[in-house]
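Below is one structure, written out as structure tokens; comments come after it.
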Amino acid sequence: MDAAPSRALKLLVSAGILALPLLTSACITPIEPPPLYKKAPPNPVLPSSAQCPASAPNAVWTDESKTAIALCGATVPNSDTSKKETSKSAPLVSFLGIPYTAAPPTPPNRWRPSEPASWPPSPAVAAVNIQSQCMQKLESWDQPPTDEDCLYLNIWAPSDKLNSPSPDLPVMVFIHGGAFVAGSGGMPVYDGAALARKGVIVVTLNYRLGAFGFMAAKVEPGPAKNNQTPRPPIDINGNFGLIDQRNAMTWVQRNIARFGGDPQKITLFGESAGAMSTGIHLFSSPASSSLFRAAIMESNPVGSLYRTLEQAQAQGGNFITSLCQRFDNNASCDGNMEWLQSVSPEKIQAAQNGFRNIQVPDGRNQVPDTSVLNDSLTWAPNVDGTQVVAQPLAGYAQGMPVKPFMFGTNANEGALFAAKIASSIPGGHFDKLEYELVLANVIRSKEIRQQIITYKNTAGQTPYFPPAPPPPPSYYGKNTVTNSTAQTTYSLINDFAFHCANLSMADQAALTTAIFSPNTPIYGYWFSQPPVFDIYRTSPTDYVEACLPGSGNVCHGNELPYVFGTLDALPGMTPAPDDRKLETAMTTVWTDFAKNPTAVQGLEPYNQDPKKKTGKVLNVFNVSVEAVKRRMPVSDLNTAANCSLWNKVGVYPQAAIGIEETKTRKH
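Here the working numbering is used: the sequence shown runs in plain steps of one and ends on residue 1529.
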């Protein structure tokens, strides 16, 4: 392989955890020795089943008789004087680190479906400690506790509804993002207190990530040695992280009444990979459909299609091979599930950190694929026909019940990813070759790629043909070629994966809704507030310049502190009055949706007339907008993001609504 393609492949590898296109034959990169992971301190076991400790004085009882305590929760202090509870509002209680599965996903339960835990939790504890996040790459020395035993959830609830005989509070269950390889429900930005103060119960959760959560594999064992008993093949379908999420939802539905929540009023919401997960549960996962009544998807890169089971199993086989080569020299692990269960989680994570799915740009690859689009995440759910029955981009799969939902994107979703790619290239040499490689791994068809590159918008510009005028700011590089190439990459990701894909998804869902439940609303939003914080800074020298305050970009994830009311949780953050108003407006809209998803004050439905595309609007969130009074015509975003191109070239699957289903479908 010549130097230029090698350089192009390295840039994709270096962008590891982002939602960027990666290719399909195994690539093994050098790895460091497994780092030392630390586990969170366990929650203290109650010394008495009849009394909570002073540090966590709020009891949830095992049953109505109140003879034994199941959990004790801490009263949440209100450190923000601008958000003091009124005399009518009850103090909040948090219950942190509750196990929601019957057993941890450690051997022998690694790469096996989890099961929901029964009530009451055993042992009874004071639930005061956020528990370990799931296995992921350690990015810094002060990384939160990380462990394979990680399937825990956290609850924030008003204290006056605990053990209520008439639980009636809406419940909001949040799934975190992180490209299915990073993050946790215990991150400070996801603190549920501000939302709960508006009269809801908030639940955040962990789920298995990376290879631990999403590896599928079908590997025949090697020949038995020394008269050993023949070993069974490895045959797993993956999607364990999705099953974990569903088990958390099941636990919530079964037990949230004890905390004052109504199990029939559950709203599922998530951001990025969490929005992808929410979309799967909403549109494509029959086993999840009865566990929630409404959904919110924030910044869903829904243009990224999921692998088939066969593709995912082929990738998993490549990963097992690389794991064996690194840590066993292929001596005993070929096709051997027993060996896989014996490997330390640190070694598996180290192998994952050095593994990428890569395909050379001439089309050679080891995974059969007939789809138009390549998959874009190294580890992600797959369409296995059971846990996931169809691509969520096509809207509701046949038989899935229609529900109210809200979706939206941020103005400059692609800026983060383009900047990450550009900054990863030695010398900042991001040129046409790298861009064409990125495009080739987003769009498999050469014919469609040619249509995209030569496309001219209404202004006569070719937005996807590098170099593309005008040049972007200097943070993409110092020379014009680098600038324009990065800007073109930004436009590609922004338009194809986020803006137009979300509109296509909503349009498909709106058509289904119009047939089966025409009064069920869909709400769309557009978040356009430039940040006053740096959500991607991990150290004084490690930050994303494209997403800094003052860049003008509204990056992926920038809405989260406004949604959760956690602007104060960001280091060095002093919110301006206008930002505080926007924070209040967004927490209000999100909780109002949870309280009554069919009629949200101030929001105009996206699907008032699903066949009239020009009349659709998005609700705009920006500090210049008082509450939510401004609307943006969808036609404006369609034009700005060149959606006519993406809809025409056939990269977005369409909903399959047949006559027979119309007769038999029930809601």
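Cβ coordinates follow ideal geometry from the N, Cα and C atoms, glycine included.
1. Pull up the distance between the alpha-carbon of residue 919 and that of residue 986, whole angstroms please.
2. Looking only at its own chain, which residues have a Cβ that is under 6 Å from the Cβ of residue 1007, when we skip the five neighbours before and after it?
3. For the alpha helix (DSSP H) containing residue 1454, list its first residue and its last residue.
4. Using a 10 Å radius around the Cβ and a threshold of 16 neighbouring Cβ atoms, would you call residue 1035 buried or exposed?
5. With distances taken between CB atoms, is the gap from residue 991 to residue 905 smaller than 9 Å?
6. For residue 948 and residue 1305, I'd like the C-alpha separation in whole angstroms.
7. What separation, rounded to the nearest whole angstrom, lies between the Cα atoms of residue 1510 and residue 1364?
8. Looking only at C-alpha atoms, which of 1312, 1470, 1144 and 1460 sits nearest to residue 1507?
9. Are there 16 or more other CB atoms within 10 angstroms of the CB of residue 1024, so buried, or fewer, so exposed?
10. Inspect the CB distances between the region 1095-1112 and the region 970-982 and report whether three or more fall short of 8 Å.
11. Excluding the 5 residues flanking residue 890 on each side, which residues of the same chain have their C-beta closer than 8 Å to its C-beta?
12. Please return the same chain residues whose Cβ sits closer than 6 Å to the Cβ of residue 1515, not counting the five positions on each side in sequence.
13. In chain order, what residues of the same chain have a beta carbon less than 7 Å from the beta carbon of residue 1126, not counting five sequence neighbours either side?
14. Expressed to the nearest angstrom, what Euclidean distance is found between the alpha-carbon atoms of residue 1117 and residue 1318?
15. Residue 1387 by DSSP, collapsed to three states: which one?
16. Per DSSP, what kind of secondary structure is residue 1271 in: helix, strand or coil?
17. Would you kindly report the start and end of the unbroken beta strand (DSSP E) that includes residue 956?
18. Return helix, strand or coil for residue 1154, following the three-state DSSP convention.
19. Report the CB separation of residue 1384 from residue 1467 in whole angstroms; it is logged as a contact under 8 Å.
20. Return the chain-ordered list of same chain residues with a C-beta closer than 6 Å to the C-beta of residue 1428, the five sequence neighbours on each side being excluded.
21. Could you work out which residue in 1286, 1268 and 1209 is closest to residue 997 when comparing CA atoms only?
22. Leaving out five residues before and five after residue 1093 in sequence, what residues of the same chain have Cβ atoms less than 6 Å from its Cβ?
23. Taking the alpha carbon of residue 1180 as the point to measure from, which residue in 930, 1213 and 1421 has its own alpha carbon closest?
24. Can you round the beta-carbon distance between residue 1076 and residue 1045 to whole angstroms, since I take them to be within the 8 Å contact cut?
25. Beta strand (DSSP E) containing residue 1463: first to last residue?
26. For residue 1032, count neighbouring Cβ atoms within 10 angstroms of its own Cβ and tell me buried if that reaches 16, exposed if not.
27. With distances taken from CA atoms, which of 1049, 1059 and 1081 is nearest residue 1066?
28. Measure the alpha-carbon distance for residue 1513 versus residue 1439 and round it to whole angstroms.
29. Among 1388, 1282, 1248 and 1047, which one has its Cα closest to the Cα of residue 1351?
30. Quick check on the DSSP output: the beta strand (DSSP E) that includes residue 1493 runs from which residue to which?
31. What residue does the beta strand (DSSP E) around residue 1545 start on, and which one ends it?
32. Quick check: what's the CA-CA separation for residue 989 versus residue 910?
33. Specify whether the region 1156-1164 and the region 1265-1281 touch according to this definition: at least 3 beta carbon pairs, one from each stretch, less than 8 Å apart.
34. At the level of alpha carbons, what is the spacing between residue 1437 and residue 1398?
35. Could you please give me the residues that DSSP links to residue 1014 through a beta bridge?
36. In three-state terms, what does DSSP make of residue 1344?
Straight from the coordinates:
1. 14 Å
2. 900, 901, 902 and 994
3. 1439-1457
4. buried
5. yes
6. With a pLDDT of 42 at residue 948, under the threshold of 50, the modelled position of this residue cannot be trusted, and the question is left open.
7. 15 Å
8. 1312
9. buried
10. yes
11. In this predicted model, residue 890 has a pLDDT of only 44, less than 50, meaning its place in the structure is not dependable; the value taken from the coordinates is given anyway. Cβ within range, chain order: 1184, 1187, 1188, 1216 and 1217.
12. 1253, 1255 and 1256
13. 1155
14. 55 Å
15. strand
16. strand
17. 954-961
18. coil
19. 6 Å
20. 1051 and 1053
21. 1209
22. 1083 and 1198
23. 1213
24. Going by Cβ atoms, the distance from residue 1076 to residue 1045 rounds to 14 Å, so no, they are not a contact pair.
25. Counting along the chain, residue 1463 falls outside any beta strand (DSSP E), and DSSP gives it neither H nor E.
26. buried
27. 1049
28. 43 Å
29. 1282
30. 1493-1495
31. The requested residue 1545 is not part of the displayed model; the chain covers only 863 to 1529.
32. 14 Å
33. yes
34. 17 Å
35. 961
36. The predicted model places residue 1344 with a pLDDT of 46, which falls under 50 and marks its position as unreliable; any figure quoted below should be read in that light. Here residue 1344 sits in helix by DSSP.
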